[in-house]
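Residues 1 to 506 (the numbering used here) make up the sequence shown, in order. Even for Gly, the Cβ is constructed at its ideal location relative to N, Cα and C. Values in this document were obtained by computation on a predicted structure and should not be read as measured data. A quick write-up on the structure given underneath.
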Amino acid sequence: MAKHTISTKRIKRPHAYENLISSLDTESDLNDLTLENLTSLEFDQSIEEDQQINKSVARSYSNLIYESLSYDIRRQSQVSSISGQLRNLRRKFSDRTDAIKEIIHQPPDYEDNATTASVIVREEKQQQQFPARSIFASDSESHASTTSLAIEGNGIKQRLQRILFRCIRKSGFRKPVDTDSNAHLIWLTLVAMAYLYNFISIPLRIAFPIWKNGERNIWLWMLIDYLCDVLYLIDIFFVQTRIKYLENGLWTTAFRLTAMKYFHSLRFVFDCLSLLPLDVLYFLFGFHAIFRLTRLLKIRSLTDFFRSCDRWVQSFFASVRLVRILALLLYVILSVHVYACIYFLFSNYERRNGVDNGWVYKIENQPRMSAYSYSFYYCFKIASTIGNIPSPETGPEYVFVITGYLLALFIFALLIGQIRDVFQSMNQRRSEYQNKVEQVMQYLTKFGIPKTVQDRVRNWFQYNWEDRNTLVEDDDTTLSFLPTTLQTELAISIHYDTLSKVQLFQ
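The following block contains the structure:
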């Protein structure tokens with residue numbers, strides 16, 4: 001490249017360097033600029049008349065000009081480079097935002113091959129951006145992520161999953177289900193009531209003669225039975241397949257993914273087993289409730305109901321111990337109910353084998369309802385270890401009673417533990433408050449604080465306890481473990497009424 005030529009015409013000194021800088025566009029022009037070019041500049045008449053300036057001083061002055069020009073041009077080059085990087089970052093963020101919007105507004109439909117490919121590409125990009133996730137992910141998680149893309153295989157389970165998915169997809173019910181919503185709690189209440197009906201009626205109809213083989217109101221029993229089966233079917237097809245779940249801190253609401261998560265879970269297996277159509281055996285063996293025992297496998301519906309009740313109560317009250325105690329009491333009653341049915345069956349078995357002692361229930365000349373009442377009362381006495389029960393005489397009777405005692409010890413240990421936790425949580429804050437007041441008052445007494453000041457401190461503690469029923473706590477310390485965004489949302493929610501009255505925020 002030819003060296004940069006600099007005009008040697010006279011220029012005014014105040015603007016000489018500005019014009020020179022503007023004439024240099026790139027760093028290559030600066031490299032072509034030499035000290036001889038700078039020293040060859042001709043200044044105005046006042047400079048030309050002064051020919052006595054030392055050449056060494058002029059050369060030093062030229063070096064300063066050269067360094068100044070070099071710094072300005074390099075700084076302009078750095079600024080342009082940073083601007084380019086910022087524009088590149090802005091373009092990448094825009095592309096990422098558009099991709100996320102596309103995922104949100106157009107959830108993947110795996111029946112479309114193109115969409116499936118795009119989903120795989122997005123997953124590969126995520127693995128490139130977050131390599132630690134693929135390094136530390138377990139084999140089961142990676143297998144679940146790959147199998148969730150499609151249902152492969154020709155086994156019975158895979159075929160059943162494909163049939164179920166087609167039925168659900170064609171039904172049009174794809175809106176995700178929020179487990180914290182009131183509608184879901186109402187639905188869980190209905191399913192839990194259906195399960196409780198099956199849990200109570202099926203053992204009752206198997207064991208006791210008043211309900212055995214459906215001797216009375218057989219059509220009423222069948223109507224209620226199949227109504228509960230319909231609730232089970234709706235829960236499997238249209239509720240469990242649409243429950244959203246958290247994955248990597250984000251809610252997964254795509255219908256295909258929620259359905260696949262349910263189909264690959266152990267709960268789906270138990271739900272399908274609970275609806276085995278063993279009722280067709282009615283045509284061969286008659287109406288026997290024992291064919292409906294598989295309906296008791298859907299116990300997760302009852303546990304989900306109590307879990308949702310816990311969350312619902314916790315949104316209004318600080319403690320949910322009472323709900324858990326009620327749930328445990330219900331479990332105890334149901335256990336005693338099943339144990340009473342087993343006792344009556346075992347007692348009948350002993351009586352038919354010629355055993356006649358005080359432990360066997362005498363069914364002759366007894367009202368039909370008294371059979372269940374006596375069995376429940378007897379088993380409750382065993383479970384509560386109250387005693388004063390007929391002593392067993394045969395080996396099977398001893399085994400039955402010992403099993404009941406072991407079950408009773410386990411159940412009532414849980415019950416006593418729950419009750420202890422309730423009372424302990426009620427007295428814990430009171431004890432902390434009293435200990436804190438005693439420590440503060442001892443500190444004030446140690447340093448000879450006047451009595452009036454001590455009374456004011458004590459009154460302040462008492463007012464705070466009566467007002468909040470707790471110790472004074474710093475909100476920043478209490479919520480310090482939360483992320484900044486959640487702390488900001490909580491602060492806005494707490495102070496919203498106050499801020500809304502300020503003219504600046506209206």
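Straight-line Cα distance separating Leu296 from Ile290: Roughly 11 Å between the two C-alpha positions.
Do Ser375 and Ser335 have their C-beta atoms closer together than 9 Å? Note that the C-beta distance between Ser375 and Ser335 is not below 9 Å.
Indicate the three-state DSSP secondary structure (helix, strand or coil) for Trp359 in the structure shown. Here Trp359 carries a coil assignment [DSSP, helix/strand/coil].
May I ask whether a heavy atom of the ligand FMN can be found less than 8 Å away from the beta carbon of Asn248? What this structure holds is no ligand at all, so the ligand FMN is not there to describe.
Among His495, Pro392, Cys379, Leu204, which residue has its Cα nearest to the Cα of Leu407? The shortest C-alpha separation from Leu407 is found at Cys379.
Restricting to Cα atoms, I'd like to know which of Glu247, Asp235, Tyr282, Lys92 is closest to Arg267. Of the candidates Glu247, Asp235, Tyr282, Lys92, the one whose C-alpha sits nearest the C-alpha of Arg267 is Asp235.
What is the rounded straight-line gap between the Cα of Asn198 and the Cα of Asp279? Looking at the two C-alpha atoms, the distance is approximately 14 Å.
Starting from Glu247, follow the beta strand (DSSP E) in both directions and report where the run begins and ends. Looking at the DSSP string, the run of the beta strand (DSSP E) that includes Glu247 is 245 to 247.
Quick one: what's Trp251 bridged to in DSSP? Leu246, per the DSSP bridge assignment.
Please report how far the alpha carbon of Asp310 lies from the alpha carbon of Ala327, in whole angstroms. Taking the straight line from one Cα to the other gives about 10 Å.
Mind checking Thr498: buried by the 16 CB within 10 Å criterion, or exposed? With a threshold of 16 other beta carbon atoms within 10 Å, Thr498 falls short and is exposed.
Using the three-state DSSP reduction, which class does Phe93 fall into: helix, strand or coil? Assigned with DSSP and collapsed to three states, Phe93 falls in helix.
Along the alpha helix (DSSP H) that carries Glu393, what are the first and last residues, could you check? From DSSP, Glu393 is part of no alpha helix (DSSP H); its letter is neither H nor E.
Do the segment 186 to 205 and the segment 298 to 307 touch if we need at least three Cβ pairs shorter than 8 Å? Cβ pair count under 8 Å is three or more, so yes.
For Phe400 versus Tyr343, is the C-beta distance shorter than 9 Å? At the C-beta level, Phe400 and Tyr343 come within 9 Å of one another.
For Val437, which residues in the same chain have their Cβ closer than 8 Å to its Cβ, ignoring the five residues on either side in sequence? Around Val437: Arg458, Phe461.
Flag this pair as yes or no: are the beta carbons of Ser176 and Val338 separated by less than 9 Å? Reading off the sequence, residue 176 comes out as Pro, not Ser. Not in contact: Pro176 and Val338 (Cβ atoms no closer than 9 Å).
Taking 9 Å as the cut-off, decide whether the C-beta atoms of Tyr398 and Pro392 are in contact. It is a contact, given that the beta carbons lie within the stated cut-off.
With a threshold of 16 other CB atoms inside 10 Å of the CB of Glu350, please say whether the residue is buried or exposed. With 16 or more other CB atoms across the displayed protein chains lying within 10 angstroms of its CB, Glu350 is buried.
Buried versus exposed call for Lys298 [16 or more other C-beta atoms within 10 Å across all chains shown]: The residue in question, Lys298, is buried, as its Cβ has 16 or more Cβ neighbours within 10 Å.
Alpha carbon to alpha carbon, how far is Lys501 from Ile419? Give it in angstroms, no decimals. Taking the straight line from one Cα to the other gives about 46 Å.
Euclidean distance between Cα positions of Arg87 and Gln314: Approximately 49 Å, taken between the alpha carbons.
Outcome for Ser370 when other beta-carbon atoms lying within 10 angstroms are tallied against a minimum of 16: Exposed, since its Cβ has fewer than 16 Cβ neighbours within 10 Å.
Buried versus exposed call for Leu231 [16 or more other C-beta atoms within 10 Å across all chains shown]: Using a 10 angstroms sphere on the CB of Leu231, the tally of other CB atoms reaches 16 or more, which defines it as buried.
Here's a check: name, in chain order, each residue in its chain whose Cβ is nearer than 8 Å to the Cβ of Trp507, leaving out the five neighbours to either side. Nothing about residue 507 can be reported from this structure: the residues present for the chain run from 1 to 506 only.
What's the gap between the Cα of Leu509 and the Cα of Phe263? The structure shown does not extend to residue 509, since the chain is modelled only from 1 to 506, so the question has no answer here.
Proximity of Leu345 and Ile206 at Cβ, strictly below 9 Å: It is a contact, given that the beta carbons lie within the stated cut-off.
Residue burial classification, Arg538 (beta-carbon count within 10 angstroms, cutoff 16): Coverage of the chain is limited to positions 1 through 506, which leaves residue 538 absent and any answer about it impossible.
For Lys244 and Asp180, believed in contact at Cβ under 8 Å, the rounded distance: At roughly 10 Å, the Cβ-Cβ gap does not stay under 8 Å, so Asp180 and Lys244 are not in contact.
Just confirm the distance between the C-beta atoms of Thr241 and Ala259, as a whole number of angstroms; I'd bet it's less than 8 Å. Yes, Thr241 and Ala259 are in contact; Cβ-Cβ is about 4 Å, under 8 Å.
Cβ neighbour criterion (16 or more within 10 Å) applied to Gly84: It counts as exposed.
Three-state class that DSSP yields for Thr498 in the structure shown: Assignment of Thr498 by DSSP, reduced to helix, strand and coil, places it in the helix class.
Integer-rounded CB distance, given that Arg292 should sit under 8 Å from Asp225: Contact flag correct, Cβ pair sits at about 7 Å.
C-beta atoms of Ile411 and Val332 nearer than 9 Å: Yes. Within cutoff.
So, does the CB of Ile419 fall closer than 9 Å to a CB anywhere in chain C? In summary, chain C is missing from the structure at hand, where a single protein chain is found.
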